[in-house]
Amino acid sequence: MNPVLILENVGVAYRRGRSLRGGELYWALKDISLELKHGETLGVIGRNGVGKTTLLKVIAGIIAPDRGEIRNAGVSASLLSLQVGFVPLLTGRENAILSGMLLGAPKSRIEQNMDELVAFAELEDFIDEPVSSYSAGMRARLGFSVAMQADPDILLIDEVLGVGDAAFRKKSSEEIQRRIRSNRSVILVSHNTAMMARLCDRVVWIEQGVSRMQGEAGDVLAAYEASI
Amino acid sequence: MTPHYLQLILYKARADLKVEAARGYMGMLWWVLEPVLYMGAFYIIFAVALQRGGENFVPWLLTGLVVWKWFDTTVRMSLNVITAGKGLMSQVYLPKVFFPAVVILKNSVKFLVTLVLLLLFLLVYGMPLGWSWLMVPVLLLVQLLLICGVTFSVSALTPLYPDLKLLMNNVLMLMFFLSGVFFDTSRLEGWLAALLDLNPMVHIIHAWRDVLLFGRLPDLAALGLVMLFSLALCGLGLYLLRRYDRLYPRLA
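Sequence lines, in order, name chains A and S. Its first residue numbered 1, the first sequence is counted upward by one per residue in full-length UniProt numbering. Its first residue numbered 1, the second sequence is counted upward by one per residue in full-length UniProt numbering.
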């Protein structure tokens, strides 16, 4: 299998304080190397604050690394994000189009899939009401259904696995797992080692901004768990 | 700029305008009411209360004010627009020109409403409708380019140099008083006139008055220079927005 994404010795530094120059450097990521093959699910594991979220932002092209190299064969990568750009005073339908477009889905496709999207979100009677009148659960359902409109080559998932009340949590979690298991390339960040063992083909373990180990999910997860 | 992002800019600007209209009870009526009140206040002060400025001073003043306001409001709103978009740009990748472009688009739509009101006022006031009004699209284009140039550049730089926001607020005020909204810059001479000529809005306001009030062609050479300057600024702004594209989400 060809790799769709290669990171070599990637580092990201933040500056403390205001300015462009000067100020102390803080390396959130020091030295990350990893490889993602087409169609596989790669897990990223590590404790809080080791730079997992920063890593996903680099892969999504949101921020540029300060050193090292990223090679992707012209593929798109985006974070699974919920309720992106929601505007409370717009209707559910308008928010679905706006948010879906922000996530990279073409307007025509969102409009085409609208009935399906609304049915999945269980919002048939409310979709033309302003989102400000929604409950938190309704908003979460709409946000999730819209996020499913995004269709990147590499899907980046940061602990988002199911939202809303118990019933919708089950449904949305199943939907995500269906996508993870499909032929799509996925990078999954989580603390849940049991779930990672179930979903990931391979895992990379990050500690203190450095990729410490990469390999078969079982091996890496065992080594990670032995270390804590 | 792919068609997808152009479509997104259009949709977002439309959505923002809709939200603005949905905020108050009077909705879209405010698009008409606000400029009417704005122009009305100046009408009352200068024409009724002070009785100043002689014949046709009020149309002369309102023309300057209305086109200045398009420039001023758009540039002011763009000072903070990238910093305010930080939440969005850390969730999804967006070409950063998206943020100022939405500001320009929605302010331009509101300006067009105001412009129609101004033209109606001029006709009611008794200004003759002349062939020169056919130049209006040209003036719209030149001023839009200038607004794009300044807005792209300023919005690209303020997140890097926050002090620029304060500076720009004062520069805009200075430009306002020196743009000839209140006085006729062509009456000045010597170095002062040369200095004022460096302000592109002076030429734009002149051109609008030539076309709408005096029924003559604008100074095309001056407009051409403003257009070249604007194109250069557009280039600079777009270059900076691209160059710092993936730095903005990291700035506090």
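We put the beta carbon where it would ideally sit given N, CA and C, even for glycine.
Exercise for review: Kindly indicate the opening and closing residues of the alpha helix (DSSP H) around residue 163 of chain S.
Suggested key: 163 to 178
Requested in this report: Would you list, in sequence order, the uninterrupted beta strand (DSSP E) runs of no fewer than 3 residues that lie entirely inside the region 40 to 102 of chain A?
Outcome: 41 to 45, 67 to 72, 77 to 79
Report task. Report the three-state DSSP secondary structure of residue 3 of chain A (helix, strand or coil). Result -> strand
message: I need the boundaries of the beta strand (DSSP E) containing residue 252 of chain A, first residue and last residue.
response: Because chain A spans 1 through 228 in this model, residue 252 of chain A falls outside it and cannot be assessed.
- prompt: What in chain A is Cβ-close to residue 250 of chain S, meaning under 7 Å?
  reply: Here the neighbours are 14, 63.
Do the region 64 to 72 of chain S and the region 105 to 117 of chain S make contact, defined as three or more Cβ pairs closer than 8 Å? yes
### Query
Going along the region 131 to 147 of chain A in order, which residues come within less than 8 Å of chain S, judged by CB to CB distance?
none
Out of S:44, S:85, S:71, which one is the CA nearest neighbour of residue 58 of chain S?
Answer by Cα proximity: S:44.
Backbone secondary structure at residue 130 of chain A - three-state DSSP
strand
| In chain A, which residues lie with their C-beta within 7 Å of the C-beta of residue 165 of chain S? | Here the premise fails: no neighbours, minimum Cβ distance about 13 Å.
- Whose C-alpha, out of A:156, A:113, A:130, A:126, is nearest the C-alpha of residue 146 of chain A? Minimum Cα-Cα distance from residue 146 of chain A among the listed residues A:156, A:113, A:130, A:126 corresponds to A:113.
Are residue 124 of chain A and residue 118 of chain A closer than 7 Å when you measure CB to CB?
yes
Identity of the residue in A:10, A:93, A:152 nearest residue 74 of chain A by Cα
A:152
- Item | Pick from A:206, A:166, A:193 that is closest to residue 221 of chain A, judged by C-alpha positions | A:193
Pull up the distance between the alpha-carbon of residue 104 of chain A and that of residue 219 of chain S, whole angstroms please. 45 Å
- prompt: Using the beta-carbon of each residue, which ones in chain S are nearer than 7 Å to residue 85 of chain A?
  reply: 88
Next on the checklist: Let me confirm a value: residue 70 of chain S is counted as buried when at least 16 other C-beta atoms fall within 10 Å, else exposed. Which label applies?
Outcome noted: buried
Just tell me which of A:37, A:191, A:196 has its CA closest to the CA of residue 2 of chain A. A:37
For residue 203 of chain A, report the span of its beta strand (DSSP E) as first-last. 202 to 207
Margin query: Would residue 101 of chain A pass as an interface residue toward chain S - the criterion being a Cβ-Cβ separation below 7 Å?
Written below: yes
Problem - Inter-residue Cα distance where the pair is residue 6 of chain A and residue 249 of chain S - result: About 23 Å.
Quick check on the DSSP output: what are the complete beta strand (DSSP E) runs of length 3 or more inside the region 102 to 174 of chain A, in order along the chain? 154 to 158
Notebook entry, point to check: How many Å lie between residue 196 of chain A and residue 22 of chain S at the Cα?
Noted result: 46 Å
Item to check | Where residue 108 of chain S falls: helix, strand or coil (DSSP) | outcome: helix
Checklist entry - Three or more beta-carbon pairs under 8 Å between the region 133 to 148 of chain A and the region 74 to 83 of chain A, yes or no? => result The region 133 to 148 of chain A vs the region 74 to 83 of chain A: in contact.
Under 7 Å by beta carbon: chain A residues contacting residue 12 of chain S: 98
Mapping DSSP to helix, strand and coil, what is residue 11 of chain A? DSSP places residue 11 of chain A in strand when its eight states are reduced to three.
* Asked: Got a sec: is the Cβ-Cβ distance from residue 108 of chain A to anything in chain S below 7 Å?
  -> no
Could you check whether the Cβ of residue 81 of chain A sits closer than 7 Å to any Cβ belonging to chain S? Chain S contact via Cβ: present.
- [ ] Report the option in A:60, A:96, A:218, A:35 whose CA atom is closest to the CA atom of residue 129 of chain A.
- [x] A:96
Of the residues S:164, S:153, S:182, which one's Cα is nearest the Cα of residue 243 of chain S?
S:153
- Determine, using beta-carbon pairs with one atom in the region 126 to 144 of chain S and one in the region 175 to 182 of chain S, whether at least three such pairs fall under 8 Å. no
Checklist line | C-beta neighbour in chain A for residue 93 of chain S, strict 7 Å | finding: yes
| Using the beta-carbon of each residue, which ones in chain S are nearer than 7 Å to residue 60 of chain A? | 93
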